[in-house]
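Worksheet: the structure to be examined is printed underneath.
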Amino acid sequence: MNGLAPAFRMSKTSRFPALPVAGLAGTSFKHEHLPAILGDDPKGGFFEVHAENYMGAGGPPHDALTKIRRDYPVSLHGVCMSIGGPRPLDKVHLGRFKALVDRYEPALVSEHLAWSTHDTTYYNDLLPLPYTHATVWRVADHIDEVQEAIGRPILLENPSTYVLFPESTMSETDFIRELVRRTGCGLLLDVNNVFVSATNHGYSALSYLADFPLQHVGEIHLAGHAEQEDDEGDLLLIDSHDGPVADAVWKLFDIVIGRCGPLPTLIEWDSAIPDWPVLKAEAAAAQAILDHHAADSLFGKAHAAG
Amino acid sequence: MPQDELQSGDLGRFDYAAAFTAGLFDPDRAPPDAVSGPNGKAAIKRYAVYRNNVTVSLIDALAASFPATLRITGPDFFRAMARFHVRETPPTSPLLFEYGRDFPDFIERYEYAQSMPWLADVARMERAWLDAYHAADAEPLASGALASIPPERLADTVFVPHPATRAIHSHYPVVTIFAANRSDGPVGRIEAGDPEDALVTRPGLEVFVRHLPPGGAVFLDRLMAGEPLGAAAAAAFAERAEFDLAVNIAGLLQAGAFTTAHQGG
């Protein structure tokens, strides 16, 4: 069944300005940075929040996000909808997610191609799934259900993985392309995840990107990773979000933006969080690449090579 | 159309989650047969990445929610204790700020924490603090609100608790221990002291923790249960003869413990 993307419903009574996010670089929003961010002038970029951190009834989290949303476009990033799981979505959780979309009018809404809840246990990690015709059907149903609930398409993020399922019958890029076709969702391309998975599974990040349906990408993620070893002593990269973006990932990002033009790009930094100027400088580095390619596209070069 | 229930024929195709989760809390278990590395490589260390992510991130979540408990025990003791709890009682909600409701009771039973009998109450304070932090916002009842109630109606007055308000009963000086260990200063020395009951409120954005006077916790429990002022005061007097009604009600109002007051039926 070819699910049509639900039309974007504009809130009748907007609480916040409709700030555009096109071509901007942003960062994860961390509460410890709030005073520094509020002191910034001029204000630029955007902020992304993990939806679950704002699912309490009230208090400082909502106060902080309200202050941020007045001045900046916000990206609402769901971490635990368990879209990639075999079980039905948690309707209560979906209701909370919709309430946040309605309340904060985010410029971008995204979730993961992964799962985190099974039976009654929440595992707090992005767990992998086999890519088969059975799972593509189920995951597409879940995406449809989220999009119908919130009244707008989501961006689905490609995962970083450490294991493969021999039962998989589709490549990850084919699986993602099929989900886009069935649900009309957009994509969040995490370039660090591409690099991590490609290294871990011994394929080329560039060929993955060549296969990826780039025309459906609405946001980019960049993050740092850590290095370990697998059972054979080969490099195993961990999607740790605890440091600066690696040079190889910057290079891939430059290639992607060269092909796609300037897309909203987020620096994710979720542990060992640095002071605000360090994080802001990382976003400025991404903005410079976006601006470079925006200038190119003015002269008609960005899409020349297809 | 979303299917609400798995069809029985689907189970064979959808057992990846059951197979994958079976070993996530069990470090002695081999990786599931359903996963591998690329080109026939092994998946022991690869699967261990997920097992480590799950356990460590949940221990980190408890460490973030119970910082004074962590400071008192030190990180090695805390993380060992939290690891037992995570494996025994993993979260059932994806909202991590809801996790740890059973942690204080676990600490009370935890073999290696028996020399710190007050530790569970410190954790109860921290759980109440976090609940207050995330509670619904509401304007508290003004301190002068009682002045508008005729004296003969006071005993019938019912107070509606603010969503953030919590009372903690303790046989230990829990407010003193909590306060000494929630700051960045040196870890407070824990001395034997008088039992302290605690009041947690959040009238605005900041959470406040106060020491309740004698009988104050029983008084507040009764008020929060919807009993009128007169009955709540009688219960507090029965508990502690030195209960001071004027001091208690003024303290609760000043702390922002209620949102409204009305006449009980």
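Going down the list, the sequences are from chains A and B. Sequential numbering of the first sequence, starting at 46, is according to this note's numbering. Sequential numbering of the second sequence, starting at 13, is according to this note's numbering. Each residue gets a CB set at the ideal place from its N, CA and C atoms; glycine is no exception.
Starting from residue i, trace the alpha helix (DSSP H) both ways and give me its first and last residue.
i, result
"residue 252/A", "250-256"
"residue 40/B", "Careful: residue 40/B lies outside any alpha helix (DSSP H) and carries neither H nor E."
"residue 92/A", "Here residue 92/A belongs to no alpha helix (DSSP H); instead the beta strand (DSSP E) covers 91-95."
"residue 242/A", "236-246"
"residue 283/A", "Per DSSP, residue 283/A belongs to no alpha helix (DSSP H); it is in the beta strand (DSSP E), 280-283."
"residue 305/A", "292-305"
"residue 261/A", "Careful: residue 261/A lies outside any alpha helix (DSSP H) and carries neither H nor E."
"residue 66/B", "56-77"
"residue 323/A", "321-343"
"residue 182/A", "178-195"
"residue 232/B", "228-236"
Enumerate in chain order the residues of its own chain whose CB-to-CB distance from residue i is below 6 angstroms, with the five nearest sequence positions on each side excluded.
i, result
"residue 234/A", "262, 265"
"residue 66/B", "36"
"residue 181/B", "209, 229"
"residue 247/B", "230, 234"
"residue 349/A", "Note that residue 349/A scores a pLDDT of 45, beneath 50, so its modelled location is shaky; the value from the coordinates is reported in the next line. Excluding sequence neighbours, residue 349/A sits near nothing in its chain."
"residue 125/B", "119, 131"
"residue 91/B", "71"
"residue 190/B", "80, 134, 137"
"residue 224/B", "209, 211"
"residue 141/A", "100"
"residue 55/B", "43, 47, 48, 49"
"residue 138/A", "none"
"residue 311/A", "71, 93, 266"
Let's test the definition: count the other Cβ atoms within 10 Å of the Cβ of residue i and tell me whether it reaches 16, buried, or not, exposed.
i, result
"residue 178/B", "buried"
"residue 211/A", "exposed"
"residue 253/B", "exposed"
"residue 250/B", "exposed"
"residue 111/A", "exposed"
"residue 19/A", "The structure shown has nothing for residue 19/A, since chain A only spans 46 to 351."
"residue 17/B", "The pLDDT assigned to residue 17/B is 43, lower than 50, so where the model puts this residue is not dependable, and the model offers no usable value."
"residue 85/B", "buried"
"residue 238/B", "exposed"
"residue 76/A", "exposed"
"residue 104/A", "buried"
"residue 263/B", "buried"
"residue 156/A", "buried"
"residue 178/A", "exposed"
"residue 41/B", "exposed"
"residue 279/B", "The question about residue 279/B has no answer here: the residues shown for chain B are numbered 13 through 277."
Excluding five sequence neighbours on each side, which residues of the same chain lie with their C-beta closer than 8 angstroms to the C-beta of residue i?
i, result
"residue 14/B", "Any reading at residue 14/B is ruled out, since the residue's pLDDT is 40, under 50, leaving its predicted position unreliable."
"residue 208/A", "173"
"residue 181/A", "215, 220, 223, 224, 227"
"residue 151/B", "271"
"residue 59/B", "35, 43, 44, 47"
"residue 274/B", "169, 170, 172"
"residue 258/A", "218, 221, 222, 225, 232"
"residue 96/B", "118, 122"
"residue 22/B", "Legend: pLDDT at residue 22/B = 48, less than 50; position of this residue unreliable, no value from coordinates given."
"residue 62/A", "115"
"residue 59/A", "150"
Tell me whether residue i counts as near the ligand ADP, meaning its Cβ is closer than 7 angstroms to at least one heavy atom of that ligand.
i, result
"residue 105/A", "Ligands displayed in this structure: none; no statement on the ligand ADP is therefore possible."
By DSSP's criteria, residue i is part of a beta bridge. Which residues make up the other side?
i, result
"residue 173/B", "270/B"
"residue 220/B", "213/B"
"residue 312/A", "72/A, 267/A"
"residue 157/A", "202/A"
"residue 162/A", "167/A"
"residue 119/A", "92/A"
"residue 272/A", "282/A"
"residue 231/A", "200/A"
"residue 126/B", "Its beta-bridge partners do not exist; DSSP assigns none."
"residue 172/A", "160/A"
With a CB to CB cut of under 7 angstroms and the five nearest residues on each side skipped, what residues in its chain are close to residue i?
i, result
"residue 135/B", "78, 81, 115, 116, 119"
"residue 250/A", "239, 240, 243, 297"
"residue 305/A", "259, 262"
"residue 270/A", "237, 241, 282, 283, 284, 285, 291"
"residue 24/B", "For residue 24/B, the pLDDT reaches just 47, beneath the cut-off of 50, and the residue's location in the model is therefore unreliable, leaving the point undetermined."
Under DSSP, the beta strand (DSSP E) around residue i begins and ends at which residues?
i, result
"residue 148/A", "From DSSP, residue 148/A is part of no beta strand (DSSP E) but of the alpha helix (DSSP H) over 136-149."
"residue 178/B", "178-180"
"residue 107/B", "Counting along the chain, residue 107/B falls outside any beta strand (DSSP E), and DSSP gives it neither H nor E."
"residue 189/B", "Element bounds for residue 189/B: not the beta strand (DSSP E) but the alpha helix (DSSP H), 186-193."
Would you check if there are 3 or more beta carbon pairs closer than 8 angstroms linking the stretch 224-237 of chain A to the stretch 161-172 of chain A?
no
Taking one C-beta from the stretch 179-195 of chain B and one from the stretch 124-133 of chain B each time, how about it: are there three or more such pairs within less than 8 angstroms?
yes
Count the CB pairs spanning the stretch 159-170 of chain B and the stretch 207-214 of chain B that are closer than 8 angstroms, and state whether there are at least three.
no
Validate contact between the stretch 88-99 of chain A and the stretch 60-70 of chain A using beta carbons, cut 8 angstroms, 3 pairs
yes
Are the stretch 281-288 of chain A and the stretch 312-328 of chain A in contact at 8 angstroms, needing three or more beta carbon pairs?
yes
If we count Cβ pairs, one from each stretch, closer than 8 angstroms, do we get three or more for the stretch 89-108 of chain A versus the stretch 119-131 of chain A?
yes
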